[in-house]
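Report on the structure given below.
Numbering (the numbering used here), first residue to last: 4 to 311.
Have a look at this one:
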């Protein structure tokens with residue numbers, strides 16, 4: 004988690020730098036698309052800061068060396084539920100910014116477009132494109148070992164930013180070369196047109212992230228995880244001569260939450276607490292994923308009502 008936070012900090016710093024330069028260049032060049040690129044990056048940076056705060060809370064909560072402070076006492080079930088909330092807000096915010104940009108682009112086109120300083124715009128787009136590509140490669144490489152949903156979304160955001168900037172660069176180069184030619188009438192429409200195209204392309208991109216986040220927030224059971232738990236529990240029922248089991252499974256961000264209830268026969272010979280604990284350990288090992296991001300509860304009862 005420390006590595007995740009380091010990558011997020013670096014990403015946030017570069018994003019803020021690009022966002023500020025984009026807004027400034029957008030004002031200097033008169034480009035709505037560059038200004039949008041800056042605002043988009045600023046919105047992404049704000050969500051990355053929120054993601055970093057959540058990552059720190061989760062890391063602090065799962066650290067066995069830290070005592071139970073007031074915050075951990077108030078949130079005794081942990082902070083995992085904040086992760087899908089932040090991811091969902093991030094995706095919705097980025098889509099909202101893009102929709103607003105599309106509306107402004109259409110209004111600009113219908114009003115005849117506007118003039119643009121293509122030389123400064125090309126300089127900005129070229130430098131920003133290189134920065135976005137470098138960050139996308141670095142974040143994806145780091146996340147190959149960290150495997151964080153936050154970093155996955157961050158890498159996707161850098162790729163999206165690179166795509167936006169590449170489209171801007173191509174459009175600006177085209178606009179620079181049509182100036183003073185018979186196609187000069189196109190120049191005022193280039194900036195709003197490319198903004199409209201870019202907005203249409205990126206609006207649906209966060210939908211998958213928002214869908215997964217809503218699934219986690221609503222505690223919808225992932226079928227592959229449910230199937231894995233049922234396979235393990237069914238085997239235990241057969242081996243231990245139990246009657247049946249009940250499984251309640253959810254994935255909340257990086258947390259795997261499992262509650263398993265085994266229905267034992269009435270009058271089954273008694274076992275010591277240590278024997279039941281050893282059986283719990285065995286079941287937990289079969290389920291896998293042991294660590295700070297697994298919440299596993301295993302209970303044994305002869306009364307079905309306790310498991311319903």
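Glycine is no exception: its CB is placed at the ideal position from the N, C-alpha and C atoms.
On a predicted model such as this, the values are computed, not experimentally measured, just so you know.
Inter-residue spacing [alpha-carbon to alpha-carbon] between residue i and residue j
i: residue 206; j: residue 163; result: 10 Å
i: residue 126; j: residue 232; result: 55 Å
i: residue 262; j: residue 299; result: 6 Å
i: residue 248; j: residue 50; result: 41 Å
i: residue 191; j: residue 14; result: 34 Å
i: residue 234; j: residue 79; result: 30 Å
i: residue 84; j: residue 297; result: 13 Å
i: residue 87; j: residue 12; result: 20 Å
i: residue 128; j: residue 152; result: 28 Å
i: residue 304; j: residue 269; result: 9 Å
i: residue 179; j: residue 45; result: 28 Å
i: residue 95; j: residue 239; result: 43 Å
i: residue 3; j: residue 155; result: Lying outside 4 to 311, the shown extent of the chain, residue 3 is not represented and no answer is given.
i: residue 131; j: residue 104; result: 19 Å
i: residue 283; j: residue 293; result: 13 Å
i: residue 310; j: residue 245; result: 14 Å
i: residue 143; j: residue 32; result: 33 Å
i: residue 133; j: residue 113; result: 33 Å
Status (buried if at least 16 other CB within 10 Å, exposed otherwise) for residue i
i: residue 43; result: buried
i: residue 260; result: buried
i: residue 285; result: exposed
i: residue 306; result: exposed
i: residue 212; result: buried
i: residue 101; result: buried
i: residue 98; result: buried
Per DSSP, the bridge partner or partners of residue i
i: residue 264; result: 249, 302
i: residue 258; result: 255
i: residue 214; result: Looking at the DSSP assignment, residue 214 forms no beta bridge with any residue, so it has no partner.
i: residue 297; result: 259
Limits of the unbroken alpha helix (DSSP H) element including residue i
i: residue 12; result: 5-32
i: residue 101; result: 85-113
i: residue 195; result: 190-205
i: residue 185; result: Per DSSP, residue 185 belongs to no alpha helix (DSSP H) and is neither H nor E.
i: residue 224; result: Neither: residue 224 is in no alpha helix (DSSP H) and is coded neither H nor E.
i: residue 287; result: 276-290
message: Count Cβ pairs between the segment 143-151 and the segment 224-233 that sit closer than 8 Å; are there 3 or more?
response: The segment 143-151 is not in contact with the segment 224-233.
task: Give a yes or no on contact between the segment 156-173 and the segment 108-122, applying the rule of three or more CB pairs nearer than 8 Å.
output: No contact exists between the segment 156-173 and the segment 108-122.
query: With a cut-off of 8 Å, do at least 3 Cβ pairs link the segment 35-51 to the segment 196-205?
result: As far as the Cβ criterion goes, the segment 35-51 touches the segment 196-205, which means the pair count is three or higher.
query: Is the segment 21-30 in contact with the segment 150-159, if contact means three or more CB pairs nearer than 8 Å?
result: No contact exists between the segment 21-30 and the segment 150-159.
message: Would you call the segment 84-95 in contact with the segment 212-220, where contact means no fewer than 3 C-beta pairs closer than 8 Å?
response: Yes: at least three Cβ pairs fall under 8 Å.
The segment 52-65 / the segment 111-130 touching (three or more Cβ pairs under 8 Å): Contact fails: fewer than three Cβ-Cβ distances are below 8 Å.
- prompt: Do three or more CB pairs link the segment 265-278 to the segment 237-253 at distances below 8 Å?
  reply: With a cut-off of 8 Å, the segment 237-253 and the segment 265-278 count as touching, because enough Cβ pairs lie within range.
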